[in-house]
Amino acid sequence: MSNTAKSPWLIHYDGSSCNGCDIEVLACLTPLYDIERFGIINTGNPKHADVFLVTGSVNEKNAPVIRQIYEEMLEPKVVIAVGICATSGGVFRRCYNVMGGTDKVIPVDVYVPGCAARPEAIIDGVVKGLEILERKREAVRMSRKKVRGVPQ
Amino acid sequence: MRGVNDLGKRTVIPFGPQHPILPEPVHLDLVIEDEKVIEAIPSIGFIHRGLEKLAEVREYPEMVYVIERICGICSFGHGLGYVTAVEGLMGVEVPERADYLRTMWHEMSRIHSHMLWLGLTADSFGFESLFMHTWKVRERIMNMFDLTTGGRVIHSVCKVGGVRKDVGGEMLERIASEVRDIRKETKELTKVFLNDTSVKNRLCGVGILSEDDARDLCAVGPVARASGINQDLRLNGMCKYGELGFEPVTGKSGDCYARCKVRILELGQSLDMVEKITSVLPDGPVEVPVKGPLPTGEFMMRLEQPRGEAFYYVKGNGTKHLERMRVRTPTNMNLPSMVRMLQGCDLADVPVIILTIDPCISCTER
Chain F
1 MSNTAKSPWL IHYDGSSCNG CDIEVLACLT PLYDIERFGI INTGNPKHAD
51 VFLVTGSVNE KNAPVIRQIY EEMLEPKVVI AVGICATSGG VFRRCYNVMG
101 GTDKVIPVDV YVPGCAARPE AIIDGVVKGL EILERKREAV RMSRKKVRGV
151 PQ
Chain G
153 MRGVNDLGKR TVIPFGPQHP ILPEPVHLDL VIEDEKVIEA IPSIGFIHRG
203 LEKLAEVREY PEMVYVIERI CGICSFGHGL GYVTAVEGLM GVEVPERADY
253 LRTMWHEMSR IHSHMLWLGL TADSFGFESL FMHTWKVRER IMNMFDLTTG
303 GRVIHSVCKV GGVRKDVGGE MLERIASEVR DIRKETKELT KVFLNDTSVK
353 NRLCGVGILS EDDARDLCAV GPVARASGIN QDLRLNGMCK YGELGFEPVT
403 GKSGDCYARC KVRILELGQS LDMVEKITSV LPDGPVEVPV KGPLPTGEFM
453 MRLEQPRGEA FYYVKGNGTK HLERMRVRTP TNMNLPSMVR MLQGCDLADV
503 PVIILTIDPC ISCTER
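Those protein sequence lines, which keep their order, are chains F and G. Counting with our numbering, you get residues 1 to 152 for the letters of the first sequence. Counting with our numbering, you get residues 153 to 518 for the letters of the second sequence.
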């Protein structure tokens, strides 16, 4: 499990964003920002992922998809809401088909502000998320020990 | 027991909304027989926000910010289209320098959009290092956007009556030198895209759209041009394209390779145009004060976006809020062509074909 801290994999889902944050998330992967130097890899499989990046707001149709991806991910997991739309709905808040931020559907650990969020901010958010991931991992390990009755 | 006759049984494979190759959610039901796609049934609606309705609660100058966020890739084009439509409604004349600057930024956004597309396409056929190289070059143009407008993807420089920011002489020189560097680096990249055997194997003869089909299905932009339709709205007298002397690029074969080639040639053209603008930019103001009555009546505006023709409709009723605002986006028009291309293709080619129309789902659904 300690590999998680060294090489956390992330999965990205575009809620109803304008693509602005999505291409910035992609830009993070490419040579100038290069988050792979932290061991972070973008995966398409929720079961492989430790970090869930959500961009864009939530609506009736994509809420079940976001929930499903979240539930398919294994514990411990961290959710990062990238951009103002994923945080609160942003400029589209008053649109009829926008429910609001990601936290309407799943618990969010880190909010990254910006419209569109800059790659630096996204990387910062992910690194913050990794600390939370580490704490959660510790909590999961402790609870397993308790269940097994292993002396601590 | 299954007999030989049952082997060609049809299966439905769901594709999306969350898929490694798609940056955006779109769902396709692929009906396949063996390895061939018989039919593709798209379903959209994951990104629908209903932002056209916001025109009723936001004032018309404020609405630019919402319109720019229809899509983060063609953001500048959307702002430009809306602003030009409102200017037409109110009879505002834009100063020449502002018009040139708009043209320059619009071409810069075409460069960034086409590079983004080239990278994603390389990724879709599994050429990851090419994807990384393309995006490395693309960061240069993003940097230029950052320096001239203050934003990397959402620029917010267009406003009714001109542009918000001026570009100084030093910056123009820097843009020109940057463009020359980008051209040099793009040449290396395009050599790979156009001549590499493994790239050709994935693109040549895949997803053919004939000229008649393209016409019947109302394809727009590079998709239509790759099938041999000479249609480019930049020739219709919008902005300053008339003075820049440019000819639309067309292809013949209508396959993925032709679409790739058309975009690469357009990329070169856009670089030339940006460089030319930096040398011919006239002096003068960049905005005019907007006075007079509030917008009334209707106005339509067509614009060539990186992905093709976009259409803007505005209707005012003499108040600060528009009565109706409507956008028709290029990907919306190219989806029927994409469904036609997918019929009869191999399952492995599906991601490449979907990407060659340069899908922008958040434009499509708004």
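Where a beta carbon is used, it is the ideal one built from N, C-alpha and C, also for glycine.
Close beta carbons around residue 143/F, own chain, < 6 Å, minus the five adjacent residues each side: none
Residue 452/G burial status per 10 Å Cβ neighbour count (16 or more: buried): exposed
Mind checking the stretch 181 to 208 of chain G against chain F and listing, in chain order, the residues whose C-beta falls within less than 8 Å of any C-beta there? 197, 198, 199, 200, 201, 202, 203, 205 and 206
Are there 16 or more other CB atoms within 10 angstroms of the CB of residue 356/G, so buried, or fewer, so exposed? exposed
Are residue 294/G and residue 31/F close, meaning C-beta to C-beta below 8 Å? no
Hey, is residue 227/G's beta-carbon within less than 8 Å of any beta-carbon in chain F? yes
Residue 463/G by DSSP, collapsed to three states: which one? strand
Contacts around residue 267/G, its chain only, beta-carbon distance under 6 Å, and the 5 residues preceding and following it disregarded: 286 and 290
Based on the DSSP output, what are the partners of residue 498/G in its beta bridges? 188/G
Using the three-state DSSP reduction, which class does residue 300/G fall into: helix, strand or coil? helix
Give every residue of the same chain whose Cβ lies closer than 6 Å to the Cβ of residue 548/G, excluding the five residues on either side of it in the sequence, and list them in chain order. Because chain G here runs from 153 to 518, residue 548/G falls outside it and cannot be looked at.
Using a C-beta to C-beta distance shorter than 7 Å, which residues of chain G count as neighbours of residue 13/F? 170
On the DSSP bridge assignment, give the partners of residue 9/F in chain order. 41/F
Buried or exposed for residue 12/F, going by 16 or more other Cβ atoms inside 10 Å? buried
Residues of the stretch 260 to 289 of chain G with a CB closer than 7 Å to any CB of chain F: list them in chain order, please. 268, 284, 287 and 288
Mapping the DSSP letters down to three states, classify residue 115/G as helix, strand or coil. For chain G, the structure presents residues 153 to 518; residue 115/G sits outside this window and is missing.
Compare the Cα-Cα distances from residue 513/G to each of 186/G, 183/G and 200/G and report the closest residue. 200/G
Quick one: Cα of residue 153/G to Cα of residue 166/G, how far? With a pLDDT of 47 at residue 153/G, under the threshold of 50, the predicted position of this residue should be treated as unreliable, and no value is reported.
So which residues on chain G does residue 125/F lean against when the C-beta distance must stay under 7 Å? The premise fails here: residue 125/F is roughly 16 Å from chain G at the closest Cβ pair, so nothing lies under 7 Å.
Hey, how far is the Cα of residue 502/G from the Cα of residue 46/F? 22 Å
Taking Cβ-Cβ distances shorter than 7 Å, what residues in chain G pair up with residue 118/F? 304
Members of the stretch 45 to 56 of chain F that neighbour chain G once the beta carbon cut-off is set at 9 Å: 45, 46 and 56
Using beta carbons (cut-off 8 Å, strictly below), is residue 175/G in contact with chain F? yes
Would you verify that the beta carbon of residue 24/F is, or is not, closer than 8 Å to some beta carbon of chain G? yes
Considering just the uninterrupted stretch of the alpha helix (DSSP H) at residue 256/G, what are its terminal residues? 248 to 276
Could you work out which residue in 470/G, 457/G, 473/G and 500/G is closest to residue 479/G when comparing CA atoms only? 457/G
Coarse secondary structure for residue 2/F, derived from DSSP in three states: Model confidence at residue 2/F stands at a pLDDT of 45, short of 50, so the residue's coordinates are unreliable and nothing is read from them.
Proximal chain G residues relative to residue 140/F, where beta-carbon distance stays under 7 Å: In chain order: nothing, as chain G lies at least about 25 Å away.
Starting from the C-beta of residue 162/G, find all residues in its chain whose C-beta is less than 8 Å away, skip the five residues before and the five after it, and write them out in chain order. 183, 184, 185 and 190
Checking the sheet assignment: what are the DSSP bridge partners for residue 70/F? Residue 70/F is not bridged to any residue.
Could you list which residues in chain F have their beta carbon closer than 8 Å to that of residue 222/G, in chain order? 18
Min CB distance residue 70/F to chain G below 8 Å: no
Contact belief for residue 276/G with residue 507/G at Cβ below 8 Å, rounded distance in angstroms: 5 Å
First through last residue of the alpha helix (DSSP H) which encompasses residue 217/G: 215 to 220
With 16 other CB atoms within 10 Å as the buried threshold, where does residue 2/F fall? With a pLDDT of 45 at residue 2/F, under the threshold of 50, the predicted position of this residue should be treated as unreliable, though the coordinate-derived value follows. It counts as exposed.
Counting only C-beta atoms, is residue 514/G closer than 8 Å to chain F at any point? yes
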